[in-house]
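Let me begin by presenting the structure, written as structure tokens, before commenting on it.
In the UniProt record's numbering, the protein residues as written are 1 to 94.
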């Protein structure tokens with residue numbers, strides 16, 4: 001199975017030929033830009049809201065804040081599952 005994001009760099013004739021040469025290969029083509037299918041978009045959205053009114057003194061402080069907030073998300077699997085569920089993608093095989 002190939003999930004193809006249709007990035008212009010991967011739309012070459014060589015890529016299409018390689019796919020056509022493999023009849024057993026199932027290809028799912030995604031739109032070039034599909035944030036609604038990307039669970040990371042939910043993570044970044046929540047992270048950005050948490051940083052909205054902060055004024056870090058420098059990039060080191062900003063980096064520390066981002067790492068801390070991402071680390072906290074790591075320990076909330078229900079929240080992370082929610083980001084995946086929001087995409088409509090399957091969490092567990094049938």
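Using N, Cα and C, we set each Cβ at its ideal position, and we do this for glycine too. Owing to the predicted nature of the structure, the values given are computational and were not obtained by experimental measurement.
### Task
To the nearest angstrom, report how far apart residue 71 and residue 17 are at their CA atoms.
43 Å
### Query
Is the region 40 to 53 in contact with the region 66 to 83, if contact means three or more CB pairs nearer than 8 Å?
yes
### Message
So, with DSSP's three-state summary, where would you put residue 2?
### Response
strand
### Task
May I have the straight-line CA-CA distance separating residue 63 from residue 85, to the nearest angstrom?
28 Å
### Message
Cutting at 8 Å between CB atoms, please list the residues of its own chain near residue 30, excluding the five before and the five after it.
### Response
3, 4, 5, 6, 37
### Message
I believe residue 66 touches residue 47 by the beta-carbon criterion, under 8 Å. Please report the beta-carbon distance rounded to the nearest angstrom.
### Response
7 Å
### Query
Would you report the Cα separation of residue 35 and residue 88, rounded to the nearest angstrom?
12 Å
### Message
From the DSSP secondary-structure annotation, give me the bridge partner or partners of residue 29.
### Response
4
### Query
Out of curiosity, what's the CA-to-CA distance linking residue 22 and residue 1?
11 Å
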